[in-house]
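S.K.: In the numbering used here, the protein residues as written are 413 to 743.
As structure tokens, this is what we get:
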């Protein structure tokens with residue numbers, strides 16, 4: 413789903429659903445191509461923690477969040493990744509990079525109707541690259557519509573979602589629905605607040621950007637606050653109309669527990685979390701007043717609804733959004 417196929421180059425692996433992968437490539441690959449819409453080629457060394465996630469079934473993007481742990485999209489598990497390449501500007505050659513082998517990939521339970529993320533554990537730590545801080549509850553304290561975020565990925569670069577690209581791109585885009593509560597493809601099972609919407613009007617992620625990072629500038633430097641999932645259901649083109657991104661604060665506990673590793677968390681300079689929780693907690697915030705049980709899939713009440721209504725609705729939306737997910741398929 414890397415919708416950043418900017419159009420914006422957020423690694424949105426064009427889900428393996430037959431998206432074409434042949435066509436003009438980015439100029440840096442030596443062939444003609446449409447310039448990244450709303451984005452630019454990333455200079456060497458700017459985002460070393462943004463990694464290409466490569467497998468026999470396709471490609472995605474991800475973020476190094478521990479020396480041996482990568483965050484990517486849930487639908488990217490279908491890529492069956494065997495390696496990641498960090499600190500590269502072009503994973504298909506000529507862009508440098510540090511390869512690492514994949515030990516395992518685990519998708520979030522029922523990711524199709526909850527959080528579209530996977531955690532990749534590597535066989536050995538990636539040397540020489542500082543993992544990116546993962547956004548927690550305190551990171552999102554003032555998060556709102558209009559915030560500017562960085563979309564980064566190896567995805568396709570035209571709004572039709574065609575062509576070919578293996579070069580890392582980036583773009584700056586505004587957040588347009590900070591809680592993903594406006595429908596338009598948002599997942600009801602984790603709404604409001606489990607996802608957010610950013611980009612549009614030609615600045616976006618695209619196929620191959622799936623799982624890639626969304627960075628927010630903070631006093632601690634850029635922090636990864638989202639992972640590329642899919643495009644908006646209202647978009648008139650496969651890419652370019654805006655994307656839906658999973659919030660990292662909602663999956664921090666799960667990432668640490670499932671990987672069994674220490675994740676690099678944003679503790680907001682060690683300040684006391686807004687709710688008085690333990691800043692060493694995975695997620696950095698202690699109990700969520702809107703979710704005191706710690707249920708990572710929560711977000712909507714079923715009170716008064718017909719039994720299973722949310723589950724059925726979520727499953728239907730998952731089916732409808734399959735074609736908009738941004739993993740890039742192997743052809």
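Cβ atoms here follow ideal geometry from the backbone N, Cα and C, with glycine treated the same way.
Pull up the distance between the alpha-carbon of residue 545 and that of residue 571, whole angstroms please.
M.R.: Answer to the nearest angstrom: the Cα atoms are 31 Å apart.
S.K.: Please determine whether the Cβ atom of residue 523 lies at a distance below 7 Å from any heavy atom of the ligand SAM.
M.R.: Because no ligand of any kind appears in the structure shown, any question about the ligand SAM cannot be addressed here.
S.K.: Can you tell me whether DSSP reads residue 531 as helix, strand or coil?
M.R.: Residue 531: strand per DSSP, three-state reduction.
S.K.: So that I know if they touch, is there some Cβ in chain B lying closer than 8 Å to that of residue 585?
M.R.: As a matter of chain content, chain B is missing from the structure shown, which is built from one protein chain.
S.K.: In the DSSP assignment, find the beta strand (DSSP E) that holds residue 484 and state where it starts and stops.
M.R.: Where residue 484 is concerned, the enclosing beta strand (DSSP E) stretches over 481 to 484.
S.K.: Can you name, in chain order, every residue of its own chain whose Cβ lies under 6 Å from the Cβ of residue 499, other than the five neighbours on each side?
M.R.: Counting only Cβ-Cβ distances below 6 Å, and skipping sequence neighbours, we find 460, 509, 510, 541.
S.K.: Using 10 angstroms around the beta-carbon of residue 528, count the other beta-carbons present and answer buried if the total reaches 16, otherwise exposed.
M.R.: So residue 528 counts as buried.
S.K.: For residue 675 and residue 603, I'd like the C-alpha separation in whole angstroms.
M.R.: Looking at the two C-alpha atoms, the distance is approximately 25 Å.
S.K.: CA-CA distance, residue 586 and residue 518?
M.R.: Cα-Cα distance, rounded: 30 Å.
S.K.: Under a Cβ-count criterion, where at least 16 other Cβ atoms within 10 Å of its own Cβ denotes burial, should residue 494 be classed as buried or exposed?
M.R.: Looking at its Cβ environment, which holds fewer than 16 other Cβ atoms inside 10 Å, residue 494 is exposed.
S.K.: Comparing alpha-carbon positions, which option in 487, 619, 633, 543 lies nearest residue 476?
M.R.: Considering only alpha carbons, the answer is 543.
S.K.: Have a look at 478, 673, 621, 488 and flag the residue whose alpha-carbon is nearest the alpha-carbon of residue 563.
M.R.: Per the Cα distances, 621.
S.K.: Spatial neighbours of residue 655 within its chain, please: CB distance less than 6 Å, with the 5 preceding and 5 following residues excluded, ordered by chain position.
M.R.: Once the five neighbours on either side are set aside, the close Cβ partners of residue 655 are 415, 611, 616, 617, 643.
S.K.: Among all the DSSP beta bridges, which residues are the ones paired with residue 681?
M.R.: Residue 681 is not bridged to any residue.
S.K.: Quick one: what's got a C-beta closer than 6 Å to residue 568's C-beta in the same chain, skipping five residues either side?
M.R.: Hits under 6 Å: 417, 575, 577, 618, 619, 620.
S.K.: Going by DSSP, what residues sit across from residue 493 in a beta bridge?
M.R.: BP columns for residue 493 point to 467.
S.K.: With H, G and I counted as helix, E and B as strand and the rest as coil, what does DSSP make of residue 516?
M.R.: Residue 516: strand per DSSP, three-state reduction.
S.K.: Is DSSP giving residue 641 helix, strand or coil here?
M.R.: Residue 641 falls in the strand class under three-state DSSP.
S.K.: Under DSSP, the alpha helix (DSSP H) around residue 669 begins and ends at which residues?
M.R.: Segment 664 to 671, the alpha helix (DSSP H) holding residue 669.
S.K.: Please name the residue in 606, 513, 520, 524 whose C-alpha comes closest to that of residue 539.
M.R.: The option with the nearest alpha carbon to residue 539 is 513.
S.K.: What span of residues does the beta strand (DSSP E) with residue 607 cover, start to end?
M.R.: Where residue 607 is concerned, the enclosing beta strand (DSSP E) stretches over 607 to 610.
S.K.: Going straight from the alpha carbon of residue 592 to that of residue 599, what length do you get?
M.R.: Rounded to whole angstroms, residue 592 to residue 599 spans 8 Å at the Cα level.
S.K.: Excluding the 5 residues preceding and the 5 following residue 537 in the sequence, name in chain order all residues of the same chain whose CB lies nearer than 7 Å to its CB.
M.R.: If we look at residue 537 and ignore the five residues flanking it on each side, its Cβ neighbours are 479, 480.
S.K.: Just tell me which of 548, 580, 658, 649 has its CA closest to the CA of residue 451.
M.R.: When each option's Cα is compared against that of residue 451, the closest is 580.
S.K.: When DSSP labels each residue in this structure, what does residue 571 get in the three-state scheme?
M.R.: Residue 571: coil per DSSP, three-state reduction.
S.K.: Label residue 671 either buried or exposed according to how many other C-beta atoms from any shown protein chain fall within 10 Å of its C-beta, with 16 as the threshold for buried.
M.R.: It is buried - the Cβ of residue 671 has at least 16 other Cβ atoms within 10 Å.
S.K.: Nearest to residue 605 by alpha carbon, out of 645, 648, 554?
M.R.: Per the Cα distances, 554.
S.K.: Nearest to residue 556 by alpha carbon, out of 637, 464, 663?
M.R.: Here the closest residue by C-alpha is 637.
S.K.: Below 8 Å between beta carbons: does that hold for residue 465 and residue 474?
M.R.: Yes, these two residues count as a Cβ contact at 8 Å.
S.K.: For the beta strand (DSSP E) holding residue 676, just list the boundary residues, first then last.
M.R.: Here residue 676 belongs to no beta strand (DSSP E), and DSSP marks it neither H nor E.
S.K.: What first and last residue would you give for the beta strand (DSSP E) that runs through residue 589?
M.R.: Counting along the chain, the beta strand (DSSP E) containing residue 589 begins and ends at 581 to 589.
S.K.: Pull up the DSSP beta-bridge partners for residue 655, would you.
M.R.: 610, 643.
S.K.: Looking at C-alpha atoms only, which residue of 483, 462, 504 is the closest neighbour of residue 658?
M.R.: Cα-wise, what sits closest to residue 658 is 483.
S.K.: What residue range does the beta strand (DSSP E) around residue 563 cover?
M.R.: Segment 560 to 565, the beta strand (DSSP E) holding residue 563.
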